[in-house]
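With the sequence shown counted from 1, adding 3 to any position gets you the working numbering.
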Amino acid sequence: MTSKDEARPSALAPFRHRDFRTLWSATLVSNFGGLVQAVGAAWLMTQLTDSATLIALVQASNTLPIMLLALASGALADIFDRKTLLLAAQCLMAGISVILAVVAWQDGLTPWLLLGFTFLIGAGQALYNPPWQASMQDLVPRKDLASAVTLNSVGFNMMRSVGPAAGGIIVASFGAAAAFAVNALSYLPLLGALLRWKPQIAPRTAPPEAFLPALSAGLRYVALSPNLMKVILRGALFGFAAVAVLALLPLVAKSHPEGGSLLFGGLLGCYGVGAIIGALLNPRIRTRFNNEHIVRLAFAGFAGAAIVLGQTDQIWLHGLAMLPAGASWVLALSLFNVTVQLSTPRWVVARALALYQTATFGGMAAGSWIWGGVAGAQGIGTALTMAGAVLAFGAVVGFWFKAPEFGTVDLDPVNRFREPELALDLRGRSGPIMVMVDYHIAPDDVQEFLRLMRLRRNIRRRDGARNWAMLRDLEHPEHWTESYHIATWDEYVRHNLRRTKSDAEVTVALRALHRGDGDPVVHRMIERHAVSPQDDIPLVGKIEIP
Numbered sequence: 004m005t006s007k008d009e010a011r012p013s014a015l016a017p018f019r020h021r022d023f024r025t026l027w028s029a030t031l032v033s034n035f036g037g038l039v040q041a042v043g044a045a046w047l048m049t050q051l052t053d054s055a056t057l058i059a060l061v062q063a064s065n066t067l068p069i070m071l072l073a074l075a076s077g078a079l080a081d082i083f084d085r086k087t088l089l090l091a092a093q094c095l096m097a098g099i100s101v102i103l104a105v106v107a108w109q110d111g112l113t114p115w116l117l118l119g120f121t122f123l124i125g126a127g128q129a130l131y132n133p134p135w136q137a138s139m140q141d142l143v144p145r146k147d148l149a150s151a152v153t154l155n156s157v158g159f160n161m162m163r164s165v166g167p168a169a170g171g172i173i174v175a176s177f178g179a180a181a182a183f184a185v186n187a188l189s190y191l192p193l194l195g196a197l198l199r200w201k202p203q204i205a206p207r208t209a210p211p212e213a214f215l216p217a218l219s220a221g222l223r224y225v226a227l228s229p230n231l232m233k234v235i236l237r238g239a240l241f242g243f244a245a246v247a248v249l250a251l252l253p254l255v256a257k258s259h260p261e262g263g264s265l266l267f268g269g270l271l272g273c274y275g276v277g278a279i280i281g282a283l284l285n286p287r288i289r290t291r292f293n294n295e296h297i298v299r300l301a302f303a304g305f306a307g308a309a310i311v312l313g314q315t316d317q318i319w320l321h322g323l324a325m326l327p328a329g330a331s332w333v334l335a336l337s338l339f340n341v342t343v344q345l346s347t348p349r350w351v352v353a354r355a356l357a358l359y360q361t362a363t364f365g366g367m368a369a370g371s372w373i374w375g376g377v378a379g380a381q382g383i384g385t386a387l388t389m390a391g392a393v394l395a396f397g398a399v400v401g402f403w404f405k406a407p408e409f410g411t412v413d414l415d416p417v418n419r420f421r422e423p424e425l426a427l428d429l430r431g432r433s434g435p436i437m438v439m440v441d442y443h444i445a446p447d448d449v450q451e452f453l454r455l456m457r458l459r460r461n462i463r464r465r466d467g468a469r470n471w472a473m474l475r476d477l478e479h480p481e482h483w484t485e486s487y488h489i490a491t492w493d494e495y496v497r498h499n500l501r502r503t504k505s506d507a508e509v510t511v512a513l514r515a516l517h518r519g520d521g522d523p524v525v526h527r528m529i530e531r532h533a534v535s536p537q538d539d540i541p542l543v544g545k546i547e548i549p
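Written out as structure tokens, the structure reads:
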């Protein structure tokens with residue numbers, strides 16, 4: 004056995020943790036119900052209308068809410084208790100599923116009403132996904148995170164291998180209303196598991212962010228993180244093209260003379276089997292290939308599957324094509340998910356995951372609508388072949404936008420603070436705060452100093468600083484001053500709490516270049532043109548070590 008094999012964590016390591024086992028098992032049941040419901044909705048739409056666009060919009064109605072609501076859910080998950088959000092989302096989905104089952108039982112569904120109900124269930128899923136994904140690091144240690152994300156994929160696709168087939172049997176035997184009822188019941192085990200879960204919540208060292216500033220902070224962090232932007236762009240492209248297979252699969256099944264809900268469920272079952280195979284091979288593939296090669300393999304594998312579906316009309320070939328499609332789906336999306344989580348500090352991880360999901364599922368929603376329109380105008384085969392071509396292009400894009408390697412930087416917080424000795428007491432909303440840091444730099448070190456300051460600028464802006472500037476004294480050129488603004492004192496405290504150990508490496512390097520006595524001098528100032536009696540009342544804050 005090689006040292007690399009010895010270092011590779013067990014794919015089953017997360018099962019050592021009881022909370023993960025319990026929630027994972029309950030999630031299996033919930034996933035089963037969701038997949039049965041999806042088959043019922045997709046197949047019922049084929050009975051309510053012949054419109055390829057409306058049929059494809061069933062998939063879009065599940066994914067569009069994630070594009071619209073995921074960022075808000077991510078911000079809430081980083082501000083408030085994640086367990087409470089998870090319970091609220093599950094209750095919402097369970098309630099909507101019960102109503103959908105009752106209306107279907109009364110034969111009261113129309114195409115647009117069915118889309119409305121699936122949209123609402125998708126909205127619940129949009130609220131659920133970011134806090135659930137961000138909770139992985141509350142359930143398992145960091146070294147087991149990749150395995151936990153993969154096991155989530157395994158669990159979902161275990162159910163995908165049996166859920167759609169079971170859904171097809173249920174729909175064929177008892178009707179779509181029964182499928183919706185099964186989904187409503189499937190939420191109960193997960194609700195029970197969430198109620199019993201007692202997560203360890205770290206004590207807050209700063210007031211929680213307000214909602215709108217939290218949204219802005221998440222957008223800013225991701226926009227200033229090139230690695231995250233690469234993942235988000237590739238995820239959006241993959242979702243846009245790959246969703247054609249899932250969106251048009253009901254029409255593929257219906258196109259066969261012997262086609263029906265059973266064939267549709269069987270094809271989805273093949274897709275689920277492929278996904279399980281991909282998930283089981285995922286740890287070994289990660290040890291042999293870098294992330295970009297895995298992403299290209301996933302794009303190429305799904306491209307081949309889409310083209311086979313579009314260019315052949317034999318059932319056995321369609322079932323065979325669904326195997327690499329499922330494997331490629333898991334390889335790409337699980338890798339994107341882990342990369343986002345391991346490339347983002349804990350304070351903003353739910354928002355980063357939400358933006359990734361917004362892009363990916365937004366791509367799926369747009370793809371479902373566009374490929375449905377293409378299928379209606381040009382035929383199913385043309386739409387699937389064109390989607391395959393876009394996926395092949397996605398593999399080539401990697402030569403310019405390579406998927407980053409994850410786990411190469413230490414994103415744990417520095418936690419190096421001291422109580423300030425302020426002569427002026429402040430309240431949390433006091434501001435704006437202006438910070439200036441003075442350096443004494445030798446002429447020979449100026450170029451290296453400016454290189455490090457470019458890194459520092461990105462770190463400052465990413466963590467909330469505004470109006471960052473680098474100033475040089477005209478009379479004493481060896482004197483340099485870094486300046487920036489923070490909106491309030493509370494934001495200044497949060498700005499320092501966001502500092503990671505990787506960021507601190509830049510600070511250490513800057514200190515080494517400083518030629519003055521002691522550490523660089525930090526000036527903390529508040530802008531004031533007038534002071535009311537209600538302002539600047541006592542507040543104990545913390546300051547950074549430069």
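All residues carry an ideal CB built from backbone N, CA and C; glycine is no exception.
TODO: Mark ALA426 as exposed unless 16 or more other C-beta atoms lie within 10 angstroms of its C-beta, in which case mark it buried.
DONE: The sequence position of residue 426 within the sequence shown is 423, counting from 1. Exposed, since its Cβ has fewer than 16 Cβ neighbours within 10 Å.
TODO: Pick helix, strand or coil for ILE204, following the three-state DSSP scheme.
DONE: Looking up residue 204 in the sequence shown gives position 201. DSSP places ILE204 in the coil class of the three-state scheme, outside both helix and strand.
- [ ] Give me the Cα-Cα distance between LEU394 and GLY98, rounded to the nearest whole angstrom.
- [x] Here residue 394 refers to the residue found at position 391 of the sequence shown. Here residue 98 refers to the residue found at position 95 of the sequence shown. Computed Cα separation, rounded: 37 Å.
Task: For ALA472, the first and last residue of its enclosing beta strand (DSSP E) - done: The count along the sequence shown starts at 1 and reaches residue 472 at position 469. Here the beta strand (DSSP E) through ALA472 covers 469-475.
Task: Closest by C-alpha distance to GLU494, when choosing among ALA445, MET437, GLN203 - done: Against the sequence shown, residue 494 aligns to sequence position 491. Out of ALA445, MET437, GLN203, MET437 has the C-alpha closest to the C-alpha of GLU494.
Open item on the list: Please report the distance separating the alpha-carbon of MET439 from that of TYR487.
Closed with: What you label residue 439 is simply residue 436 of the sequence shown in a count that begins at 1. What you label residue 487 is simply residue 484 of the sequence shown in a count that begins at 1. If you take the alpha carbons of MET439 and TYR487, they lie about 7 Å apart.
TODO: Give the DSSP-derived three-state secondary structure of SER176 in the structure shown.
DONE: Mapped onto the sequence shown, residue 176 falls at position 173. Judged by DSSP in its simplified three-state form, SER176 adopts helix.
- [ ] Could you spell out the range, first to last residue, of the alpha helix (DSSP H) harbouring SER486?
- [x] Counting from 1 along the sequence shown, the entry for residue 486 is found at position 483. Taken as a continuous stretch (DSSP letters only), SER486 belongs to no alpha helix (DSSP H), being part of the beta strand (DSSP E) at 482-489.
Task: C-alpha gap between ASN230 and SER346, whole angstroms - done: Here residue 230 refers to the residue found at position 227 of the sequence shown. Here residue 346 refers to the residue found at position 343 of the sequence shown. The alpha-carbon atoms of ASN230 and SER346 are separated by roughly 8 Å.
TODO: Pick out the complete alpha helix (DSSP H) segments inside the stretch 336-420, 4 residues or longer, and give them in chain order.
DONE: Counting only runs of 4 or more, we get 352-381, 383-400.
- [ ] Would you mind working out which of ALA308, TYR359, ARG21 sits nearest LEU142, comparing C-alpha positions?
- [x] Position 139 of the sequence shown, counted from the start, is the residue given in the question as residue 142. Measuring from the Cα of LEU142, the nearest candidate turns out to be ARG21.
Task: Own chain residues within Cβ distance below 6 Å of ALA303, not counting five before or after - done: As a working note, residue 303 is residue 300 in the sequence shown. Closer than 6 Å at Cβ, skipping near neighbours: ALA398.
Open item on the list: To the nearest angstrom, how far is the alpha carbon of ILE235 from that of ALA80?
Closed with: Locating residue 235 in the sequence shown gives position 232, counting from the first residue. Locating residue 80 in the sequence shown gives position 77, counting from the first residue. In a straight line, the C-alpha of ILE235 is about 20 Å away from that of ALA80.
Task: For ARG527, the residue or residues it bridges with in DSSP - done: For this step, residue 527 is matched to residue 524 along the sequence shown. Per DSSP, VAL438.
Task: Short Cβ contact (8 Å threshold) for MET193 with ALA29 - done: Counting from 1 along the sequence shown, the entry for residue 193 is found at position 190. Counting from 1 along the sequence shown, the entry for residue 29 is found at position 26. Rather than Met, the amino acid found at residue 193 in this sequence is Leu. Yes.
TODO: Give a yes or no on contact between the stretch 461-475 and the stretch 489-503, applying the rule of three or more CB pairs nearer than 8 Å.
DONE: Yes, since at least three Cβ pairs between the stretch 461-475 and the stretch 489-503 fall closer than 8 Å, the two stretches touch.
TODO: Tell me, please, whether the stretch 122-130 touches the stretch 59-71 by the rule of three or more beta-carbon pairs shorter than 8 Å.
DONE: Yes, the stretch 122-130 is in contact with the stretch 59-71.
Task: C-alpha distance - ALA335 paired with VAL298, whole-angstrom precision - done: In the sequence shown, the residue the question calls residue 335 occupies position 332. In the sequence shown, the residue the question calls residue 298 occupies position 295. If you take the alpha carbons of ALA335 and VAL298, they lie about 6 Å apart.
TODO: Using a threshold of 8 Å, state whether the C-beta atoms of MET161 and LEU326 are closer than that.
DONE: Within the sequence shown, numbered from 1, the residue matching residue 161 stands at position 158. Within the sequence shown, numbered from 1, the residue matching residue 326 stands at position 323. With a cutoff of 8 Å on beta-carbon distance, MET161 and LEU326 are scored as not near each other.
Open item on the list: Can you list, in chain order, the residues of its chain with a C-beta nearer than 7 Å to that of LEU38? Leave out the 5 residues immediately preceding and following it.
Closed with: Stepping through the sequence shown from its first residue, residue 38 is reached at position 35. Answer for LEU38: MET162, ARG163, GLY166, PRO167, GLY170, listed in chain order.
Task: Coarse secondary structure for THR113, derived from DSSP in three states - done: By 1-based counting over the sequence shown, the position of residue 113 is 110. Residue state for THR113 is assigned as coil, using DSSP reduced to three classes.
- [ ] Could you spell out where the alpha helix (DSSP H) holding LEU427 opens and where it closes?
- [x] Indexing the sequence shown from 1 puts residue 427 at position 424. Element bounds for LEU427: n/a, residue is neither H nor E.
Task: Residues that DSSP places opposite ILE444 in a beta bridge - done: Working through the sequence shown from its first residue, we reach residue 444 at position 441. Partner(s): HIS517.
Open item on the list: With a threshold of 6 Å on Cβ separation, who are the neighbours of ARG85 within its own chain once the five nearest residues in sequence on each side are excluded?
Closed with: In the sequence shown, counting from the first residue as 1, residue 85 sits at position 82. Spatial neighbours of ARG85 in its own chain (CB-CB distance under 6 Å, excluding positions within 5 residues in sequence) are listed in chain order as PRO134, SER138.
Open item on the list: Here's the rule: buried if 16 or more other CB atoms are within 10 angstroms of the residue's CB, otherwise exposed. What is CYS94?
Closed with: By 1-based counting over the sequence shown, the position of residue 94 is 91. The residue is exposed, with fewer than 16 neighbouring Cβ atoms inside 10 Å.
Task: Endpoints, alpha helix (DSSP H) assigned at LEU15 - done: As a working note, residue 15 is residue 12 in the sequence shown. Note, LEU15: premise wrong, no alpha helix (DSSP H); not H, not E.
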